[in-house]
Structures are given as structure tokens and as C-alpha cells.
Amino acid sequence: MSYRILILGAGYAGAITAGMLARRLRPSDAEITLVNAAPHFVERVRMHQLAVGQQIPERPLHEMFARTHLTVVIDRVTALDVDAHQVSLAGGGVLEYDSLVVGLGSTQAPPDVEVAGDTVHTVAGREEALRLRGGLRALGPGRSVVVVGGGLTGLETATEIAESRPDLDVSLLSRGVIGSDLVPRGARHVRRALDRLGITVREGVRAQEVTPDAVVTADGRALPADLVVWTTGYVTNPLAGASALQTHADGRIVVDRAMRSVSHPGVYAVGDAARAIGHGDKPLRMSCASGTAMGWQAGEGLLADLRGKRAPKFPLAYVTRCISLGRRDGLIQVVRPDDTPIPVVLTGRIGAWDKELVCKGAAFGAANPTLGIPIPARPVRSS
1 MSYRILILGA GYAGAITAGM LARRLRPSDA EITLVNAAPH FVERVRMHQL AVGQQIPERP
61 LHEMFARTHL TVVIDRVTAL DVDAHQVSLA GGGVLEYDSL VVGLGSTQAP PDVEVAGDTV
121 HTVAGREEAL RLRGGLRALG PGRSVVVVGG GLTGLETATE IAESRPDLDV SLLSRGVIGS
181 DLVPRGARHV RRALDRLGIT VREGVRAQEV TPDAVVTADG RALPADLVVW TTGYVTNPLA
241 GASALQTHAD GRIVVDRAMR SVSHPGVYAV GDAARAIGHG DKPLRMSCAS GTAMGWQAGE
301 GLLADLRGKR APKFPLAYVT RCISLGRRDG LIQVVRPDDT PIPVVLTGRI GAWDKELVCK
361 GAAFGAANPT LGIPIPARPV RSS
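The sequence shown runs 1 to 383 under UniProt numbering.
Dropping the structure here:
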């Protein structure tokens with residue numbers, strides 16, 4: 001029987017790991033199965049663009065992996081039994097494995113306030129972004145949109161909506177100071193972009209309730225809101241926490257430097273599903289940048305295990321933070337490997353172009369797993 005590798009989730013990290021293994025292992029070495037709930041690879045970093053009506057290329061997983069010996073299964077994972085080496089699927093099937101890669105990702109954290117009506121939307125995934133698109137199209141001129149959350153997702157969503165729909169009254173609600181994690185020049189540019197697009201910024205304000213036509217703040221103000229976009233953070237898939245895997249308080253699987261579970265060595269975790277430690281002993285943040293590096297590291301780690309070797313270390317370091325501020329403006333904040341910013345930023349059209357290049361590069365790497373420098377397959381350890 002061939003060695004069985006099962007990969008759960010085809011986001012940036014999972015797709016990269018799957019493609020890397022499919023390219024570097026022979027069919028006689030391992031049976032590789034990739035399970036994903038959706039039939040397409042989703043460019044999650046572009047969901048705010050999809051929400052305002054822009055066309056995002058569809059990348060069917062079956063086409064992505066058509067030239068490999070990898071098997072794609074479109075189904076939803078319902079349970080992990082890591083002691084029995086089994087994964088249950090919504091369709092009723094049970095898959096067994098010798099090595100497992102968990103890349104089930106995360107989703108938008110639900111509002112931590114009382115919500116009435118159906119005005120609250122997110123941009124956490126394709127279906128959510130399409131629902132938001134429908135909501136925006138239903139709004140006539142002069143209607144109000146409140147984006148709750150002043151992080152990167154909130155900034156990108158608010159600016160995209162305001163640029164594409166200048167007839168709407170867009171506001172951005174943040175508990176903290178917008179751009180507080182950027183250097184002063186970067187923060188000033190973000191504020192200028194928000195002003196230019198006519199976005200009302202409310203800082204140091206906490207949402208306490210969402211009614212059918214308003215966001216009520218902690219100080220009792222009722223801000224008109226025909227549509228609300230909630231972007232206050234992400235939560236991991238709960239399946240790992242419900243299993244025997246060791247997880248952190250945030251629900252992410254605790255892994256070692258090779259992306260291997262510290263409690264179950266036959267399990268790897270990547271992307272938002274994993275809590276990996278990077279430079280400065282800081283946990284990697286949930287992001288495409290983290291997931292890409294973790295995907296490559298998990299692939300190297302699993303290959304090393306199969307060959308009885310020590311896993312090489314792939315750099316788990318940051319270079320920049322990229323923020324789109326509409327289609328014609330952006331900001332690239334250069335950072336140290338531990339993600340702390342330094343006084344180097346690119347702004348305006350150059351920043352937008354660089355951000356677009358980063359997005360295209362990430363999607364190309366995930367959607368073209370069989371391209372790259374040919375690496376000869378080496379014998380693997382017999383199971």
C-alpha cells in the first residue's frame with residue numbers, strides 16, 4: 001500500500017503544500033488527496049474587490065491539479081480523529097491517512113454585539129463577498145454603509161466601496177487609532193486616502209448593537225447604517241479544537257518549526273490553522289504572507305520525514321505589509337523579519353501596483369503548483 005497523505009483545505013497554504021508534494025513525489029511514493037469544501041481556489045485577499053463587482057478569475061481545483069497524480073475531493077470536513085488517523089466528511093465518507101496536513105483556515109469572527117435584522121455582511125469568503133455585492137447593488141444613492149473594524153481588512157473594504165460607489169455615505173468605525181501599526185508617514189497617507197474618498201472615520205469608538213438601520217455605539221450614538229460590513233478579526237475552524245490535537249487558546253494548532261503538531265507528529269498544520277513561531281519568538285499572524293511560507297515549510301518537513309532526513313528551514317519572515325486603498329492607491333510598509341515596521345513606505349500608484357503584483361504572485365504560486373524549477377524525485381522511506 002502506498003503512503004497516504006491527506007491535505008485538508010486548498011487556501012494559499014494548503015494549495016502550495018499540495019502542489020509541492022505532487023511535484024516532488026512520484027505516484028509510487030505516495031497517494032496524495034486534497035479535500036476542500038469549494039471547487040475553486042479562492043483568492044481571499046481579493047474578496048473586497050469581488051464584493052464591489054470586480055471580476056476575479058476562477059481557478060477550479062481539478063484544473064489546477066490536472067497534471068499531477070493528486071486526487072481532489074470536494075467535500076466539507078466534519079471531524080478529525082487524529083488518534084485513529086481518520087477524517088470524516090459531510091458526504092458520509094471517511095478518509096484514512098498516514099500523514100495529515102490541516103489547512104482549514106479561518107472565517108470572520110461573528111459580531112460580539114446584539115444584531116437585529118440582516119444588514120451585517122463580511123468579506124471572509126467568496127459566498128460572503130457575493131452576498132455583500134448583492135447588498136451594495138440594492139442600495140440607492142445617498143444610503144449609508146458602516147464598516148466596523150479599522151484593521152487591514154476594514155481599510156481595504158471601506159476604500160474599495162467608497163471608490164466604486166462614490167454615491168454612498170461610507171464610514172469606518174474603529175476601536176483604536178487607524179494606522180497605529182504603521183510608521184507615521186504611512187499612517188498619514190492612509191488618512192489622506194480616507195479623506196480623499198470621503199470616508200468618515202470614527203476612532204476610539206466601540207459598536208455595541210446593530211439595529212436594522214443603525215450601528216449603536218457604546219456611548220449611545222446611533223450611526224445610520226443601511227448596510228454593515230463586519231471586519232473585526234478572524235476565528236479558526238473549530239474542528240482542531242474539538243480533536244485531540246494540542247491547540248492554543250486562539251484555536252490554532254501548536255506546531256514546531258517544521259509545521260508539525262507538537263502533540264501528534266503525523267499531523268502538520270499550515271496557514272490560519274497553525275500557530276507557528278517566527279522571528280523574535282512572535283507567533284505568525286493570520287495572513288497570506290504567513291500561509292505561503294508555512295505551506296512551503298510543511299511540504300519540506302513532510303518530505304524530510306518520508307526520506308528520514310532533517311527538514312530544511314524555510315524562512316518564516318516578513319518583508320512588507322501591503323494595503324490596497326482602492327484600485328489606484330496603495331501602501332507598502334516595509335517591515336523587519338519580525339513584522340515590526342521601519343520608516344520605508346511606498347504609496348500612491350506605486351503602492352497599488354506593488355500590492356497588485358504581490359496578490360498576483362501569491363495566486364500564481366498557489367494556482368500553478370506544478371510550475372517551477374524541476375526538482376528530481378528522490379527515494380522515500382518505505383512505510
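In this text, a Cβ means the ideal position worked out from N, Cα and C, and glycines have one as well.
Review point. To the nearest angstrom, how far is it from the Cα of residue 194 to the Cα of residue 212?
Key: As a first step, residue 194 must be located in the sequence shown, where it is residue number 194. As a first step, residue 212 must be located in the sequence shown, where it is residue number 212. Taking the straight line joining both Cα atoms gives about 26 Å.
Point to revise | CB contact flag (residue 132, residue 51, <8 Å) | key: Taking the sequence shown and counting its residues from 1, one reaches residue 132 at position 132. Taking the sequence shown and counting its residues from 1, one reaches residue 51 at position 51. Yes, the pair counts as a contact, with Cβ atoms nearer than the cut-off.
Point to revise | The beta strand (DSSP E) enclosing residue 4, as first and last residue numbers | key: In the sequence shown, residue 4 corresponds to position 4, counting from 1. Element bounds for residue 4: 3 to 8.
Review point. Per DSSP, which one or two residues make a beta bridge with residue 36?
Key: Here residue 36 is taken as the residue at index 36 of the sequence shown, counted from 1. Answer is 74, bridged to residue 36.
Practice item. Could you tell me the boundaries of the alpha helix (DSSP H) in which residue 98 lies? Key: Sequence index remark: in the sequence shown, residue 98 carries index 98 (1-based). No alpha helix (DSSP H) holds residue 98; DSSP gives it neither H nor E.
Review point. Exposed or buried, what is residue 367 when buried is set at 16 or more other beta-carbons lying within 10 Å of its beta-carbon?
Key: Working through the sequence shown from its first residue, we reach residue 367 at position 367. Buried, since its Cβ has 16 or more Cβ neighbours within 10 Å.
Point to revise | Coil, strand or helix - residue 158 by DSSP | key: On the sequence shown, position 158 is the one that residue 158 refers to. Here residue 158 sits in helix by DSSP.
**Study point:** Identified DSSP bridge partners for residue 121
**Key:** For the purposes of this step, residue 121 is taken as residue 121 along the sequence shown, with counting starting at 1. Looking at the DSSP assignment, residue 121 forms a beta bridge with 229.
Review point. Name the DSSP beta bridge partners of residue 331, please?
Key: Translated into positions along the sequence shown, residue 331 becomes position 331. Its beta-bridge partners are 323 and 347.
**Study point:** Coil, strand or helix - residue 222 by DSSP
**Key:** On the sequence shown, position 222 is the one that residue 222 refers to. Residue 222: strand per DSSP, three-state reduction.
**Study point:** Length-filtered (3 minimum) beta strand (DSSP E) runs lying within the segment 245 to 318
**Key:** 267 to 269
Review point. Run through DSSP, which three-state label would residue 214 get?
Key: Numbered from its first residue, the sequence shown carries residue 214 at position 214. It is a strand residue.
Check your understanding: For the 8 Å Cβ check, are there 3 or more pairs between the segment 91 to 101 and the segment 267 to 283?
Key -> yes
Review point. Which residue's Cα is closest to the Cα of residue 148: 15, 12, 359 and 206?
Key: Here the question's residue 148 lines up with position 148 in the sequence shown. Closest option to residue 148, Cα to Cα, is 206.
Point to revise | CB contact flag (residue 91, residue 291, <8 Å) | key: In the sequence shown, counting from the first residue as 1, residue 91 sits at position 91. In the sequence shown, counting from the first residue as 1, residue 291 sits at position 291. In this structure, residue 291 does not lie closer than 8 Å to residue 91 by Cβ.
**Study point:** Bridge partner(s) assigned by DSSP for residue 133
**Key:** By 1-based counting over the sequence shown, the position of residue 133 is 133. DSSP lists no partner for residue 133.
Check your understanding: From 196, 253, 19 and 340, pick the residue whose C-alpha is nearest to that of residue 273; which is it?
Key -> Along the sequence shown, one-based indexing puts residue 273 at 273. If we check each option's Cα against that of residue 273, 253 comes out closest.
Review point. Who are residue 234's beta bridge partners in DSSP?
Key: To locate residue 234, count along the sequence shown from 1; it is residue 234. Paired residues: 108.
Check your understanding: What three-state label does DSSP hand residue 340 in the structure shown?
Key -> Position 340 of the sequence shown, counted from the start, is the residue given in the question as residue 340. In the structure shown, residue 340 sits in coil (DSSP, three-state: anything other than H, G, I, E or B).
Review point. Where does residue 340 land, buried or exposed, given buried means 16+ other C-beta within 10 angstroms?
Key: Locating residue 340 in the sequence shown gives position 340, counting from the first residue. That one is exposed.
Exercise for review: Return the Cβ separation of residue 279 and residue 160 in integer angstroms, given the expectation that the two are a contact with Cβ distance under 8 Å.
Suggested key: Start at 1 with the first residue of the sequence shown, and residue 279 comes out as number 279. Start at 1 with the first residue of the sequence shown, and residue 160 comes out as number 160. With a Cβ gap of about 31 Å, residue 279 and residue 160 do not count as contacting.
Review point. Is the Cβ-Cβ distance between residue 21 and residue 73 less than 8 Å?
Key: Position 21 of the sequence shown, counted from the start, is the residue given in the question as residue 21. Position 73 of the sequence shown, counted from the start, is the residue given in the question as residue 73. No.
Exercise for review: Answer yes if the segment 211 to 227 comes into contact with the segment 51 to 70, meaning at least three C-beta pairs across the two stretches below 8 Å, and no otherwise.
Suggested key: At 8 Å Cβ cutoff, the stretches do not touch.
Point to revise | Residues bridged to residue 41 [DSSP beta-bridge criterion] | key: Numbered from 1 along the sequence shown, position 41 holds the residue referred to as residue 41. DSSP output for residue 41 lists 59 as bridge partner(s).
Point to revise | residue 354 in three-state terms, based on DSSP | key: Within the sequence shown, numbered from 1, the residue matching residue 354 stands at position 354. In this structure, residue 354 counts as helix in the three-state DSSP scheme.
Check your understanding: CA-CA distance, residue 196 and residue 168?
Key -> The sequence position of residue 196 within the sequence shown is 196, counting from 1. The sequence position of residue 168 within the sequence shown is 168, counting from 1. Each residue's alpha carbon lies about 14 Å from the other.
Point to revise | Identity of the residue in 3, 295 and 123 nearest residue 107 by Cα | key: By one-based count along the sequence shown, residue 107 stands at place 107. Checking every option, the nearest Cα to that of residue 107 belongs to 123.
Exercise for review: To the nearest angstrom, report how far apart residue 191 and residue 322 are at their CA atoms.
Suggested key: Numbered from 1 along the sequence shown, position 191 holds the residue referred to as residue 191. Numbered from 1 along the sequence shown, position 322 holds the residue referred to as residue 322. Their backbone Cα atoms lie some 16 Å apart in a straight line.
Review point. For residue 164, which three-state DSSP category applies?
Key: As a first step, residue 164 is located in the sequence shown; it is residue number 164 there, counting from the start. In this structure, residue 164 counts as helix in the three-state DSSP scheme.
Exercise for review: Would you check if the segment 133 to 145 and the segment 310 to 317 touch, i.e. whether three or more CB-CB distances between them fall below 8 Å?
Suggested key: no
**Study point:** Bridge partner(s) assigned by DSSP for residue 202
**Key:** Here residue 202 corresponds to residue number 202 of the sequence shown, with the count starting at 1. Under DSSP, residue 202 takes part in a beta bridge, and its partners are 173.
Check your understanding: With DSSP run on the structure shown, which of helix, strand or coil describes residue 190?
Key -> Taking the first residue of the sequence shown as position 1, residue 190 is located at position 190. Helix, per DSSP.
Practice item. Following the continuous alpha helix (DSSP H) through residue 54, name the residue where it begins and the one where it ends. Key: What you label residue 54 is simply residue 54 of the sequence shown in a count that begins at 1. Premise fails: residue 54 is in no alpha helix (DSSP H) and is neither H nor E.
Review point. How is residue 84 classed by DSSP in three states: helix, strand or coil?
Key: For the purposes of this step, residue 84 is taken as residue 84 along the sequence shown, with counting starting at 1. Coil, per DSSP.
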